[in-house]
Amino acid sequence: MRRKAFATAALVALGLAGPLSADPVDDKLIVNGETELVTHTKAPDYIDGLDEIWSGWAFRAAETRAIEADDFDNPGMIFVEDAEAVWNRVEGGAGKSCASCHGDPSSMKGVRTVMPKYNEKAGDLWSLEDYINDCRVNRMQAEAWGWNDKDMVNMTALISVQSRGMPMNVAIDGPAKPYWEKGREMYYTRTGQLELSCANCHEDHYGDMIRADHLSQGQINGFPTYRLKNAKLNSIHARFKGCVRDTRAATYKPGSPEFHALELYVASRGNGLSVEGVAVRN
Amino acid sequence: MAKGVKPRVKVPKSAAAGDVVTIKTLISHKMESGQRKDKEGNIIPRSIINRFTCDFVGASQSGNVIDVQLSGAISTNPYFEFEAKVPESGEFKFTWYDDDGSVYETAKSITVA
Amino acid sequence: MTISRREALLVGAGGLVAGAAVALPLPVMAAAEDAIAAFTGGAEMAEGGITLDAPEIAENGNTVPVGFDAPGAVEVAIFALGNPNPEVAVFKFGPMAGSQSAKTRIRLAKTQDVVAVAKMADGSFASARRAVKVTIGGCGG
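Residue numbers (the working numbering), protein chains in the order written: chain A, 18 to 299; chain B, 123 to 235; chain C, 22 to 162.
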């Protein structure tokens with residue numbers, strides 16, 4: 018039982034107090050008093066470890082939940098506005114902006130719900146960031162953005178907002194299947210000095226307190242997310258990196274094949290939850 | 123002028139004479155507190171919005187609504203919510219003062235039917 | 022049950038932390054007292070006349086929503102007694118103010134009391150105090 022003792026020690030090290038638990042809040046998220054988002058629903062049948070899925074919103078305090086319920090109160094929307102300006106900005110050798118081809122950002126409605134997805138032409142799994150950079154490099158003849166560049170994260174937010182309220186619906190079959198299986202393998206594999214897998218915290222212990230923090234299911238339907246902690250938008254891969262680092266493992270790079278696969282698997286665990294379009298978290 | 127500073131305000135478009143309306147304001151600003159250190163251990167100098175004002179300007183009545191003195195303990199992207207009287211049609215003027223001398227202004231008109 | 026070296030170390034570390042928390046002196050509020058006195062001129066402060074809203078537990082000390090309501094006040098100052106600089110903000114209300122209330126978001130360096138002091142039109146002062154626990158997240162993420 019050496020392995021188990023180590024895992025227990027790791028959880029103790031993270032301050033995960035066994036008996037302390039607090040259920041997610043069964044509250045309704047209605048943005049701007051008009052758009053109701055699904056923050057709690059039945060888990061997809063291919064997910065064995067969960068019966069119900071919950072948005073990370075349901076694990077946050079009342080004050081934080083309230084900030085997300087109003088676009089003016091939500092500081093993440095500042096960055097969406099910044100991205101609107103960038104959407105219309107001509108850049109690169111082709112003399113084009115995003116708007117030159119795509120018109121209004123509302124043309125991106127639905128895009129976020131199916132990300133990441135298998136791209137036939139590239140023969141690989143693509144995240145929203147890959148599609149954006151493909152446009153920038155090949156259509157605009159502009160420089161690619163870094164995965165966590167401010168403009169990149171803001172643009173993924175602008176595109177996500179267009180799908181607000183639509184259910185996440187990533188494909189896990191066909192050519193996506195091997196990526197999904199790789200992601201699932203990663204999800205359940207213990208890593209780092211603390212020997213923790215994603216599932217140890219986000220499947221086995223969601224709802225419990227990890228020190229003073231309320232553990233969520235690690236759903237990514239709300240991303241990119243404005244965090245009170247760093248007062249900016251945070252990408253999915255940046256959050257993965259933080260999580261992996263907290264297990265005291267050498268992390269993968271944002272944009273790496275590993276994080277692409279993990280993104281697909283984690284997104285699939287949230288199929289059915291609404292795209293939140295700039296969540297607010299602690 | 124600090125980079126990327128953009129004010130946002132939310133004011134109802136119309137009101138009845140004598141109404142009290144809720145106003146919300148948010149300005150993108152990092153509010154460097156002067157308490158943090160950089161990688162070399164040097165204090166990062168304070169760079170904040172140090173004052174925010176809202177005034178009502180109407181044809182016959184004008185005056186200050188609120189005048190706030192801010193410190194480094196106000197969060198990044200300063201947010202204020204407060205109430206104002208609307209005696210007549212007019213304009214709410216909003217002004218933010220930056221440590222670096224920059225002044226950011228915006229205004230919203232309100233109509234009394 | 023045998024305790025592994027690793028577990029023993031962890032328990033030991035926990036004990037140290039607990040010990041340190043007990044051994045710490047009560048926070049010295051001299052700076053905060055001075056700051057409040059600078060605002061009131063040392064005048065007595067009444068209880069009541071101002072209400073202060075702040076979360077009992079703040080999820081992150083970087084962004085703590087606070088609000089106050091002080092009917093009839095001309096000025097309201099907010100102090101965070103445990104911050105390195107206790108002054109947070111001073112709100113002055115003009116003739117076009119619809120109420121002497123406001124909400125904002127503040128930074129709290131640690132668990133501490135937040136105090137709002139209202140200066141009334143007649144020159145008297147009133148104050149309200151709320152304790153806010155600032156949590157240390159489990160995940161730096």
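Cβ coordinates follow ideal geometry from the N, Cα and C atoms, glycine included.
- In the displayed model, A:M172 falls within a helix according to three-state DSSP.
- Neighbours of C:G119 in chain B, taken as residues whose beta carbon is under 9 angstroms from its own, are D141, V142, V143, T144, I145, V187, F204, E205, A206, K207 and V208 in chain order.
- DSSP places A:R82 outside any beta strand (DSSP E); the residue lies instead in the alpha helix (DSSP H), whose first and last residues are A79 to E85.
- At least one C-beta of chain A is nearer than 8 angstroms to the C-beta of B:N199.
- Within the same chain, Cβ atoms closer than 7 angstroms to the Cβ of C:I78 are found at K154 and T156, the five residues on either side in sequence being excluded.
- Sequence-ordered contacts of the stretch 61–90 of chain C with chain B read N83, T84, V85, P86 and G88 [C-beta pairs closer than 9 angstroms].
- Under the DSSP assignment, A:F89 falls outside any beta strand (DSSP E); it carries neither an H nor an E label.
- When 7 angstroms is used as the limit between beta carbons, A:T81 is near these residues of chain C: E80, in chain order.
- Note: B:A235 is not bridge-paired with any residue in the DSSP secondary-structure output.
- In the displayed model, B:I166 falls within coil according to three-state DSSP, outside both helix and strand.
- For A:N186, the three-state secondary structure derived from DSSP is coil.
- Under the DSSP assignment, A:R286 falls outside any beta strand (DSSP E), being part of the alpha helix (DSSP H) whose first and last residues are P274 to R286.
- In the three-state reduction of the DSSP assignment, A:H222 falls in the coil class.
- Judged by DSSP in its simplified three-state form, A:F240 adopts coil rather than helix or strand.
- For A:H57, the uninterrupted beta strand (DSSP E) run begins and ends at H57 to K59, by DSSP.
- Check the Cα spacing between C:I127 and each of C:A59, C:D74 and C:S148: the tightest is with C:D74.
- In the three-state DSSP reduction, A:H254 falls in the helix class (H, G or I).
- Looking only at B:H151, B:V143 and B:A137, the smallest Cα-Cα distance to B:S169 is reached by B:H151.
- In this structure, the alpha-carbon of A:E146 lies about 29 angstroms from that of B:M153.
- Inter-segment contact for the stretch 194–210 of chain B and the stretch 85–97 of chain A is present: three or more beta-carbon pairs are separated by less than 8 angstroms.
- Residue burial is scored here from C-beta neighbours: A:G127 has fewer than 16 other C-beta atoms within 10 angstroms and is therefore classed as exposed.
- Taken through DSSP and simplified to helix, strand or coil, A:W162 comes out as coil.
- In the structure shown, A:H119 falls within a helical segment according to DSSP collapsed to helix, strand and coil.
- Counting along the chain, A:K134 sits inside no alpha helix (DSSP H); it lies in the beta strand (DSSP E) bounded by residues K134 to N136.
- Taking C-beta atoms under 8 angstroms as the contact rule, B:F202 and B:V190 qualify, at a distance of about 7 angstroms.
- The Cβ atoms of A:W104 and A:P122 sit closer than 8 angstroms to each other.
- By the rule that beta-carbons nearer than 8 angstroms mark a contact, B:L192 does not touch chain A.
- For B:F216, the enclosing beta strand (DSSP E) begins and ends at G212 to D220.
- Of all alpha-carbon atoms in C:D134, C:K131 and C:V95, the one lying nearest the alpha-carbon of C:S120 is that of C:V95.
- In the DSSP assignment, C:A110 falls within the unbroken beta strand (DSSP E) covering E108 to F114.
- In this structure, the CA atom of B:A137 is about 22 angstroms from the CA atom of B:L148.
- By the rule that beta-carbons nearer than 8 angstroms mark a contact, A:N288 does not touch chain C.
- Its Cα nearest to that of A:G272, the residue A:G163 stands out among A:T56, A:M125, A:G163 and A:A159.
- In this structure, the beta-carbon distance from A:L67 to A:S291 does not fall below 8 angstroms.
- The shortest C-alpha to C-alpha distance from B:K146 to any of C:K124, C:A137, C:A149 and C:A147 is the one to C:K124.
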